[in-house]
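Quick mapping for you: the protein sequence lines, in order, are chains A and B.
In this text, residue positions in the first sequence follow the numbering used here: the first is 7, and each later residue adds one.
In this text, residue positions in the second sequence follow the numbering used here: the first is 243, and each later residue adds one.
To keep things clear, I will list the structure first and then write my remarks on it.
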Amino acid sequence: MRHLIDIRDLAQGEIVSLLDLADGIFAHPEDYREACRYKKLATLFFEPSTRTRLSFEAAMMELGGKVLGFSEAASSSASKGESVSDTVRVVGCYADVIAMRHPKEGAPLAASLRSTVPIINAGDGGHNHPTQTLTDLMTIRREKGSLDNFTIGLCGDLKFGRTVHSLIAALTRCEGVRFVCISPEELRLPGYVRQDVLAKSGAQFAEVRDLAEVMPELDVLYMTRVQRERFFNEEDYLRLKDSYILTPAKLESAKRSLAILHPLPRVNEIDTAIDDDPRACYFRQALYGKFVRMALILKLLEEAGK
Amino acid sequence: MNIDSIKNGLVIDHIRAGGAMDLYRLLHLGDMDCTVAIIKNAPSAKLGRKDIIKIDSPKDIDLGVIGFVDPDATVNVIRDGKLADKRKLDLPERIVNVLKCRNPRCITTVEPGLDQVFFLSDKATHTYRCLYCEARAELNKNK
């Protein structure tokens with residue numbers, strides 16, 4: 007059974023094929039309106055989400071399929087103590103594919119070990135978020151024309167920012183991507199990303215504290231939110247939450263061709279005055295997320311049917 | 243100091259000094275009812291100081307655990323009081339149900355019946371990571 011737990015589960019060629027398919031759906035959505043007729047997607051969200059859950063549901067609906075599931079652990083049997091493994095075995099009796107978000111890291115992998123239907127990791131704690139990465143890659147490719155030869159600044163919470171971890175893993179497989187990691191000391195990349203992914207790949211990377219000093223070098227700026235829900239200590243969150251706020255003044259030294267991405271939701275790390283700047287891509291990025299999830303659902307269902 | 247020779251069992255030799263107690267714990271040697279001898283800080287021409295464990299039992303033990311704790315250790319198999327075999331150790335690709343993941347955010351902390359699996363992520367630095375959350379294995383904190 008094929009699952010998507012980590013972006014590294016997909017070969018680079020498969021990622022490119024998925025992005026091509028997503029572009030095709032974007033251009034001609036009417037061709038795919040019956041593609042998943044009689045199929046069901048279960049969205050098992052043990053943690054709140056707006057974009058990811060709704061984009062999965064919209065994706066399945068636009069493919070002609072149906073959706074069932076829950077949007078918080080309290081409304082599932084998890085609140086009675088049911089294990090993740092049992093939950094997916096039961097849901098596999100009712101649905102053809104499962105998208106799962108869980109606050110515990112590795113929960114979708116644990117689920118995939120027992121599941122009879124494909125599992126898609128829709129975010130596991132501060133660990134991975136591969137479908138956001140597919141969204142990010144589609145956005146970069148559409149906005150910059152290529153996934154190769156550019157400098158990306160990753161800014162904010164790089165420690166618990168699961169979207170950042172997955173994106174780095176994916177971009178290290180592209181040609182000539184240079185990484186500039188911008189964070190406070192306490193929110194630096196975890197060792198398994200810095201050493202096992204970045205350093206091992208041989209990619210050029212730097213870790214800095216100041217966004218302004220590197221702004222002129224960047225082709226892509228990936229902003230992230232400092233996530234209150236990842237902190238055990240409220241004081242640490244309050245101290246770090248406003249570390250980086252992107253304002254029009256700070257963008258003055260940026261390239262005119264810069265692409266600003268954000269996985270959303272945003273709190274205050276991007277001034278709303280930037281939203282109308284053509285360099286702001288984050289709402290288009292949210293739109294692309296639906297199309298890339300349509301492509302992924304199609305691929306996994308097709309492989310499961312073989 | 244005189245330690246009797248063993249008849250049928252294992253001698254784990256050339257353990258880096260201080261490593262014997264980690265092995266004693268991870269191999270659950272305290273649960274065995276045979277003679278187990280631990281020699282700490284023995285003089286060694288190669289290592290300066292080394293630890294040795296002698297287990298007077300033919301029962302199989304997990305060589306992967308020994309490789310994880312100290313891949314430079316040597317394992318001698320003793321049968322009828324004589325050296326019957328020397329086992330070569332290497333860093334195992336996976337270690338299962340030996341260590342517990344210490345990351346409080348890891349699914350292994352709450353999911354019942356899930357094997358605790360660590361995989362070798364970097365041979366050069368002897369780094370193992372949790373299969374589920376990728377947190378680094380921490381040997382000394384698993385006491």
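Ideal Cβ placement from N, Cα and C applies to all residues, glycine included.
This one's a predicted model, so the numbers in the text were calculated from it and none came from an experiment.
Would you mind working out which of A/Asp216, A/Thr49 and A/Val220 sits nearest A/Arg184, comparing C-alpha positions?
Per the Cα distances, A/Val220.
Distance, Cα to Cα, A/Val232 vs A/Glu241?
For the pair A/Val232 and A/Glu241, the Cα-to-Cα distance works out to about 13 Å.
Going along the chain, which residues of its own chain have a beta-carbon closer than 6 Å to the beta-carbon of A/Ala105, five neighbours each way excluded?
Excluding sequence neighbours, A/Ala105 sits near Thr49, Phe62, Ile126 and Ala128.
Show which residues of chain B have a CB atom less than 7 Å away from the CB atom of A/Lys45.
For A/Lys45, there are no neighbours in chain B by C-beta distance under 7 Å, as the nearest C-beta there is about 28 Å away.
What in chain A is Cβ-close to B/Leu341, meaning under 9 Å?
Chain A residues near B/Leu341: none, gap ~15 Å exceeds 9 Å.
Using three-state DSSP, classify B/Ser363 as helix, strand or coil.
Reduced to three states, the DSSP call for B/Ser363 is strand.
Can you pull the chain B neighbours of A/Lys110, defined as C-beta to C-beta under 7 Å?
Near A/Lys110 (Cβ distances below 7 Å), the residues of chain B are Arg347, Cys348, Ile349 and Val352.
Counting only the same chain and skipping the five closest in sequence on each side, list residues whose C-beta sits under 7 Å from that of B/Asn384.
Residue placement at B/Asn384 cannot be trusted, given a pLDDT of 43 that sits under 50; the coordinates are not used to answer.
Measure the alpha-carbon distance for A/Phe297 versus A/Arg57 and round it to whole angstroms.
A direct Cα-Cα distance of roughly 13 Å separates A/Phe297 from A/Arg57.
Return the CA-CA distance between B/Gly290 and B/Arg258, expressed in angstroms with no decimal places.
Rounded to the nearest angstrom, the gap between the Cα atoms of B/Gly290 and B/Arg258 is 9 Å.
Measuring only between beta-carbons, confirm whether A/His135 sits less than 8 Å from chain B.
For A/His135, the answer is no, since every Cβ of chain B falls outside 8 Å of its Cβ.
In chain A, which residues lie less than 9 Å from B/Tyr374 when you measure between Cβ atoms?
Near B/Tyr374 (Cβ distances below 9 Å), the residues of chain A are Lys110, Glu111, Gly112, Ala113, Leu115, Ala116, Asp130 and His133.
How would you call B/Met243, buried or exposed, if buried means at least 16 neighbouring beta carbons within 10 angstroms?
Any answer about B/Met243 is weak, because its pLDDT of 48 lies below 50 and its placement is not dependable; what the coordinates show is given next. Its Cβ having fewer than 16 others within 10 Å, B/Met243 is exposed.
Environment of B/Ala326 [buried if 16+ CB atoms lie within 10 Å]:
Classification for B/Ala326: exposed.
For A/Gly19, name the three-state secondary structure that DSSP assigns.
If DSSP states are grouped into helix, strand and coil, A/Gly19 belongs with the helices.
Can you tell me whether A/Tyr44 is buried or exposed, with buried defined as 16 or more other CB within 10 angstroms of its CB?
Taking every protein chain shown into account, the CB of A/Tyr44 has fewer than 16 other CB atoms within 10 angstroms, so this residue is exposed.
Beta-carbon spacing of B/Asp322, B/His256 below 8 Å:
Contact flag unset, no.
So, does the segment 136–148 of chain A touch the segment 77–88 of chain A, judging by three or more C-beta pairs under 8 Å?
With the rule of 3 Cβ pairs closer than 8 Å, the segment 136–148 of chain A does not count as touching the segment 77–88 of chain A.
Give the C-beta separation of A/Arg8 and A/Phe51 to the nearest angstrom, bearing in mind that I take them to be a contact with Cβ-Cβ under 8 Å.
The C-beta distance from A/Arg8 to A/Phe51 rounds to 22 Å, too long to fall under 8 Å, and the pair is not in contact.
Nearest to A/Gln291 (by Cα), restricted to the options A/Val226, A/Ala175 and A/Glu40
Among A/Val226, A/Ala175 and A/Glu40, the Cα nearest to that of A/Gln291 belongs to A/Val226.
Which residues DSSP lists as bridging B/Ser389, in chain order:
Because chain B spans 243 through 385 in this model, residue 389 of chain B falls outside it and cannot be assessed.
Rounded to whole angstroms, how far is the Cβ of A/Ser170 from the Cβ of B/Glu353, which I believe are closer than 8 Å?
Per the sequence shown, residue 170 of chain A should be read as Val rather than Ser. About 26 Å separates the beta carbon of A/Val170 from that of B/Glu353, a gap too long to meet the 8 Å contact definition.
Touch test, the segment 13–24 of chain A against the segment 158–178 of chain A, Cβ-Cβ under 8 Å, three pairs minimum
By the Cβ criterion, the segment 13–24 of chain A is in contact with the segment 158–178 of chain A, since at least three pairs of Cβ atoms, one from each stretch, lie closer than 8 Å.
For A/Glu258, name the three-state secondary structure that DSSP assigns.
In the structure shown, A/Glu258 sits in coil (DSSP, three-state: anything other than H, G, I, E or B).
Does DSSP put A/Gly197 in a helix, a strand or coil?
Correct three-state label for A/Gly197: helix.
Secondary structure at B/Arg371, three-state DSSP: helix, strand or coil?
Here DSSP, grouped into helix, strand and coil, assigns B/Arg371 to strand.
Any idea which residues DSSP pairs A/His108 with across the strands?
According to the DSSP secondary-structure assignment, A/His108 is paired through a beta bridge with A/Asp130.
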